[in-house]
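In this note's numbering, the protein residues as written are 56 to 477.
Read the structure below first, then the notes.
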Ligand code: HEM
């Protein structure tokens, strides 16, 4: 019965344990409507891939971040709502940010930002990251315990993205405070989070960075962005540049820190795996890929059907919000052998949906991978045995982990570990 089905968008049990929910939906059909928000859950790998890589204007990314909440600002009518959506575009949350752009506007802005995240910059960031990770470990190594989320993972990602952008050192700690904890989606977001620009609180600061770097470029990524041109030589509006900068700053933090925390949780539960990676640090990259498949930071991305269409033989009327369940697709047994098992030796280990696919696939994936690798490398090198703190999470076989109350992300609220220094 429909009423017995948990509500993906408000049930805290689903937040804590999303996989049984996704398995239940996939068993019904890889594309199936849920009764609470009337979204279509896309839990099959092939169906998700088809939608994410569609290029003919059938789908919009306008709902990419928040999905059905708040509801559409209009009532969809007919088999093609493209014009209606354009008329209301600026009313959608996040609409000023790259991840919600469509078509040519998206391609131009993405090319602009993508050209700046170069190998050279990542390489320079790697050196910084190694020093940063060690400095953070120095802060807790003697205690033999730490809370991974604030003490290690979040601090690393916040400082790393600040470094790569070129945010002045004296602003970094303050910005870390301003960005604050992950907001609750389950109890309703704060007003600014459902307005057109949830990163509005960073606007003044980032507008100023762009203005300043246009006048005084200094070789950092913000300078390159401030002075970038579209491929046809035309000049982007400063407002777009400021949006791109603050989205990069925001997108580059919580996602990666969630990946690190989940990776450390999996390691702390598996002494053999730790030993293997300590002996073979070159295998850490494969380990990270499997974490991205097995339990990734972004549970779902959303698309809005602009035209009535069909996916996996299921009719999708125009105006439908599709929940592309990246986590479900990454554990689809039709696509992955022994999908429910953690196996870092699997073939084709970048086939997961952890960074999404298609034209909006994560632009920061190389940076996210690099940061996670360095953080895992350093903590393994500096410790000889990492364990989950029973005091905080209970005994083996009966652990409790708290997750942030969000339906879009998979976000450990804290992770207390104990370890022996190396
Ligand atoms: C492990 C860490 C990360 C994960 C799991 C992740 C995940 C994702 C996902 C799933 C999307 C696609 C959303 C969609 O299809 O609608 C995305 C987009 C994006 N991510 Fe990441 N991300 C990570 C790290 C980063 C970092 C470090 C940066 C910054 C350098 C970044 C910048 C972006 C940008 C700019 C987009 C928008 C791309 C577009 O719309 O064309 N991400 N990310």
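Note that beta-carbon positions come from the ideal geometry of N, C-alpha and C, so glycine has one too.
- Message: Just to confirm the assignment: which complete beta strand (DSSP E) runs, minimum length 3, are found wholly within the stretch 193 to 226?
- Response: Those beta strand (DSSP E) runs which fall completely within the stretch 193 to 226 and span 3+ residues are 200 to 202.
- Item | Three-way DSSP call (helix, strand, coil) for residue 477 in this model | Your numbering for residue 477 matches position 422 in the chain shown. In this structure, DSSP gives residue 477 a state outside helix and strand, which the three-state scheme calls coil.
- Query: Helix or strand or just coil, what does DSSP make of residue 185?
  - Reply: Locating residue 185 in the chain shown gives position 130, where the first residue counts as 1. Here residue 185 sits in helix by DSSP.
- Query: So, does the CB of residue 476 fall closer than 7 Å to a CB anywhere in chain D?
  - Reply: No chain D appears in the structure shown, which is made up of a single protein chain.
- Classify residue 159 as helix, strand or coil using the three-state DSSP reduction. Locating residue 159 in the chain shown gives position 104, where the first residue counts as 1. Look at residue 159 here: in three-state DSSP terms it is helix.
- Task: Spatial neighbours of residue 387 within its chain, please: CB distance less than 6 Å, with the 5 preceding and 5 following residues excluded, ordered by chain position.
- Result: Residue mapping note: residue 387 aligns to position 332 of the chain shown, counting from 1. Closer than 6 Å at the Cβ level, and outside the excluded window around residue 387, lie 99 and 100.
- residue 177 versus residue 425: straight-line alpha-carbon distance, rounded: Along the chain shown, one-based indexing puts residue 177 at 122. Along the chain shown, one-based indexing puts residue 425 at 370. Between residue 177 and residue 425, the alpha-carbon positions lie close to 8 Å from each other.
- Query: Considering only the beta carbon of each residue, do residue 415 and residue 116 sit closer than 7 Å?
  - Reply: Start at 1 with the first residue of the chain shown, and residue 415 comes out as number 360. Start at 1 with the first residue of the chain shown, and residue 116 comes out as number 61. Against a cut-off of 7 Å, the Cβ pair of residue 116 and residue 415 comes out as a contact.
- Query: Straight-line CA distance for residue 285 to residue 326?
  - Reply: Start at 1 with the first residue of the chain shown, and residue 285 comes out as number 230. Start at 1 with the first residue of the chain shown, and residue 326 comes out as number 271. Each residue's alpha carbon lies about 50 Å from the other.
- Query: Run through DSSP, which three-state label would residue 364 get?
  - Reply: As a first step, residue 364 is located in the chain shown; it is residue number 309 there, counting from the start. DSSP, read as helix, strand or coil, puts residue 364 in strand.
- Message: Measuring only the C-alpha atoms, how far is residue 61 from residue 216?
- Response: Here residue 61 refers to the residue found at position 6 of the chain shown. Here residue 216 refers to the residue found at position 161 of the chain shown. Rounded to whole angstroms, residue 61 to residue 216 spans 37 Å at the Cα level.
- If we count the other Cβ atoms within 10 Å of its Cβ and call it buried at 16 or more, is residue 180 buried or exposed? Taking the chain shown and counting its residues from 1, the one referred to as residue 180 is at position 125. In this structure residue 180 is buried. Its beta-carbon is surrounded by 16 or more other beta-carbon atoms within 10 angstroms.
- Query: How is the beta strand (DSSP E) around residue 370 delimited, first residue to last?
  - Reply: For the purposes of this step, residue 370 is identified with residue 315 of the chain shown, where counting begins at 1. 369 to 371 is the extent of the beta strand (DSSP E) around residue 370.
- Message: Tell me the residue span of the beta strand (DSSP E) that contains residue 88.
- Response: Position 33 of the chain shown, counted from the first residue, corresponds to residue 88. From DSSP, the beta strand (DSSP E) with residue 88 extends over 86 to 88.
- Would you check if the distance between the CB atom of residue 471 and the CB atom of residue 444 is smaller than 7 Å? Indexing the chain shown from 1 puts residue 471 at position 416. Indexing the chain shown from 1 puts residue 444 at position 389. The beta carbons of residue 471 and residue 444 sit closer together than 7 Å.
- Query: Do residue 346 and the ligand HEM come close, with the Cβ less than 6 Å from some heavy atom?
  - Reply: For this step, residue 346 is matched to residue 291 along the chain shown. No; taking the cut-off as 6 Å, the Cβ of residue 346 has no heavy atom of the ligand HEM nearer than that.
- Item | 7 Å CB neighbourhood of residue 428 in its chain, flanking five on each side removed | Taking the chain shown and counting its residues from 1, the one referred to as residue 428 is at position 373. Once the five neighbours on either side are set aside, the close Cβ partners of residue 428 are 339, 340 and 343.
- Roughly how many whole angstroms lie between the Cα atoms of residue 122 and residue 475? Within the chain shown, the letter at position 67 stands for residue 122. Within the chain shown, the letter at position 420 stands for residue 475. Straight through space, the alpha carbons of residue 475 and residue 122 are spaced by roughly 43 Å.
- Message: With distance defined between alpha-carbon atoms, name the residue in 230, 276 and 275 nearest to residue 260.
- Response: As a first step, residue 260 must be located in the chain shown, where it is residue number 205. It is 230 whose Cα lies nearest to the Cα of residue 260.
- Item | Integer-rounded CB distance, given that residue 358 should sit under 8 Å from residue 118 | Locating residue 118 in the chain shown gives position 63, counting from the first residue. Locating residue 358 in the chain shown gives position 303, counting from the first residue. With 8 Å as the limit, residue 118 and residue 358 qualify as a contact, their Cβ atoms being about 7 Å apart.
- Query: Could you give the distance in angstroms between the alpha-carbon of residue 112 and the alpha-carbon of residue 106?
  - Reply: Residue 112 sits at position 57 when you count from the first residue of the chain shown. Residue 106 sits at position 51 when you count from the first residue of the chain shown. About 11 Å.
- First and last residue of the alpha helix (DSSP H) that includes residue 137? For the purposes of this step, residue 137 is identified with residue 82 of the chain shown, where counting begins at 1. Where residue 137 is concerned, the enclosing alpha helix (DSSP H) starts and stops at 137 to 143.
- Query: Are the stretch 310 to 318 and the stretch 399 to 406 touching by the rule of at least three beta carbon pairs closer than 8 Å?
  - Reply: With fewer than three CB-CB distances shorter than 8 Å, the stretch 310 to 318 does not count as touching the stretch 399 to 406.
- Assuming residue 251 contacts residue 147 (C-beta within less than 8 Å), just tell me the rounded distance between them. The residue given as residue 251 occupies position 196 in the chain shown. The residue given as residue 147 occupies position 92 in the chain shown. Going by Cβ atoms, the distance from residue 251 to residue 147 rounds to 7 Å, so yes, they are a contact pair.
- Of the listed residues 265, 290, 288 and 289, nearest to residue 278 (C-alpha basis): By one-based count along the chain shown, residue 278 stands at place 223. Distances from the CA of residue 278 to each of 265, 290, 288 and 289 were compared; the closest alpha carbon is that of 265.
- Query: Candidates 292, 194, 93 and 276: which alpha carbon is nearest residue 173's?
  - Reply: Within the chain shown, the letter at position 118 stands for residue 173. Selected option, being the one with the closest Cα: 276.
- Message: Tell me whether the stretch 286 to 294 and the stretch 322 to 336 touch, counting them as touching only if at least three CB pairs, one residue from each stretch, are closer than 8 Å.
- Response: Output reads no: the stretch 322 to 336 does not touch the stretch 286 to 294.
- Can at least three beta-carbon pairs, one atom from the stretch 200 to 207 and one from the stretch 147 to 166, be found at a separation below 8 Å? In short, these stretches do not touch, since the Cβ pair count stays below three.
- Query: Which whole-angstrom value is the C-beta distance of residue 375 and residue 360, which I expect to be below 8 Å?
  - Reply: Taking the first residue of the chain shown as position 1, residue 375 is located at position 320. Taking the first residue of the chain shown as position 1, residue 360 is located at position 305. Confirmed, about 4 Å.
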